[in-house]
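There are 2 protein chains.
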Amino acid sequence: MKAKVYVTLKQGVLDPQGKAIHHSAELLGFEKIGDIRQGKYFEITLDQGLSAKEALETAEKIAKDVLANPVIEDFSVVIDETAAESA
Amino acid sequence: MKAKVYVTLKQGVLDPQGKAIHHSAELLGFEKIGDIRQGKYFEITLDQGLSAKEALETAEKIAKDVLANPVIEDFSVVIDETAAESA
Chain A
0 MKAKVYVTLK
10 QGVLDPQGKA
20 IHHSAELLGF
30 EKIGDIRQGK
40 YFEITLDQGL
50 SAKEALETAE
60 KIAKDVLANP
70 VIEDFSVVID
80 ETAAESA
Chain B
0 MKAKVYVTLK
10 QGVLDPQGKA
20 IHHSAELLGF
30 EKIGDIRQGK
40 YFEITLDQGL
50 SAKEALETAE
60 KIAKDVLANP
70 VIEDFSVVID
80 ETAAESA
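Given below as structure tokens:
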């Protein structure tokens with residue numbers, strides 16, 4: 000079972016990396032872009048023995064404690080029960 | 000209209016950052032984790048005038064040219080037509 004964690008900067012928090020990517024994309028000729036914001040994405044492979052509920056709780060706790068900075072970042076967790084265990 | 004781009008390392012490519020996160024999570028007492036892999040996540044705000052098809056093409060081109068390194072990374076693009084334009 001896999002948990003997918005998306006971490007994004009809260010609205011209003013400056014995103015200089017996203018701004019730099021936006022600028023680069025414009026220099027390369029992409030014109031129809033309003034904004035680009037960068038976030039982080041994690042795939043956590045969890046023990047198969049866990050129920051979906053336990054997996055969600057575990058993944059949310061990891062996201063809150065390790066992966067995101069709750070002061071400036073939001074996170075969301077999605078459990079993918081169909082994902083096979085793989086490297 | 001927003002495009003969400005997920006960039007992940009290809010299978011088999013070493014992910015030292017993910018390994019470090021996994022190790023930290025274990026030190027903090029999380030035990031039921033098989034693996035953690037880190038990727039990148041981008042939200043691209045596109046002009047409202049674009050059709051969903053055009054938006055997908057634009058976002059895929061940006062992902063390929065700017066956001067991902069196709070040698071070691073895979074990417075996927077999801078168009079979110081319901082997203083309101085916001086900062």
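In order, the protein sequences belong to chains A and B. Numbering follows numbering that gives the first Met the number 0, with no gaps: position 36 of the first sequence is 35. Numbering follows numbering that gives the first Met the number 0, with no gaps: position 61 of the second sequence is 60. Each residue gets a CB set at the ideal place from its N, CA and C atoms; glycine is no exception. Predicted model only: the values in this text are computed from it and were never measured.
Touching or not, the segment 44-52 of chain B and the segment 22-32 of chain B, by the rule of three or more beta carbon pairs under 8 Å? no
What separation, rounded to the nearest whole angstrom, lies between the Cα atoms of A:E84 and A:S23? Residue 84 of chain A sits at position 85 when you count from the first residue of the first sequence. Residue 23 of chain A sits at position 24 when you count from the first residue of the first sequence. Only weak support exists for where A:E84 lies, its pLDDT of 48 falling under 50; the value from the coordinates is given anyway. Rounded to the nearest angstrom, the two C-alpha atoms are 37 Å apart.
If I follow the unbroken beta strand (DSSP E) through B:L8, where does it start and stop? Along the second sequence, one-based indexing puts residue 8 of chain B at 9. Counting along the chain, the beta strand (DSSP E) containing B:L8 begins and ends at 1-8.
8 Å is my cut-off, CB to CB: does B:K18 come that close to chain A? For the purposes of this step, residue 18 of chain B is taken as the residue at position 19 of the second sequence. No, because no Cβ of chain A sits closer than 8 Å to the Cβ of B:K18.
Between B:A2 and B:A58, is the Cβ-Cβ spacing less than 8 Å? Taking the first residue of the second sequence as position 1, residue 2 of chain B is located at position 3. Taking the first residue of the second sequence as position 1, residue 58 of chain B is located at position 59. Yes, the Cβ-Cβ distance between B:A2 and B:A58 is below 8 Å.
Taking DSSP as the reference, what is the three-state secondary structure of B:S50? Translated into the one-based positions of the second sequence, residue 50 of chain B becomes position 51. It is coil, neither helix nor strand.
Where do the N-terminal and C-terminal ends of the alpha helix (DSSP H) with A:I110 fall, by residue? This structure gives no information on residue 110 of chain A, because the portion of chain A shown stretches from 0 to 86.
Under a three-way DSSP split, which group does A:Y61 fall into? Indexing the first sequence from 1 puts residue 61 of chain A at position 62. The identity of residue 61 of chain A in the sequence shown is Ile, whereas the question assumes Tyr. Three-state DSSP puts A:I61 in a helix.
For the segment 9-17 of chain A against the segment 69-77 of chain A, are there 3 or more C-beta pairs whose distance is under 8 Å? yes
Cβ-based burial, B:A86 [other Cβ within 10 Å; buried from 16]: Reading the second sequence from its first residue, position 87 is the one you call residue 86 of chain B. Any answer about B:A86 is weak, because its pLDDT of 40 lies below 50 and its placement is not dependable; what the coordinates show is given next. B:A86 comes out exposed.
On the CB-based measure, 16 or more other CB atoms within 10 Å of its CB, does B:T81 come out buried or exposed? As a first step, residue 81 of chain B must be located in the second sequence, where it is residue number 82. Exposed, by the Cβ-count rule.
Closer than 7 Å, Cβ to Cβ, to anything on chain A: give me those residues from the segment 27-51 of chain B, in chain order. L27, F29, K31, I32, G33, D34, I35, R36, Q37, G38, K39, Y40, F41, E42, I43, T44, L45, D46, L49
Kindly identify the DSSP beta-bridge partner or partners of A:V77. As a working note, residue 77 of chain A is residue 78 in the first sequence. Its beta-bridge partners are A:K3.
Under 8 Å between C-beta atoms, does B:D64 make it to chain D? The structure shown contains no chain D; its protein chains are A and B.
B:K18 beta carbon near the ligand FAD (any heavy atom closer than 7 Å): By its list of ligands, the structure shown contains no ligand whatsoever, and the ligand FAD lies outside what it can speak to.
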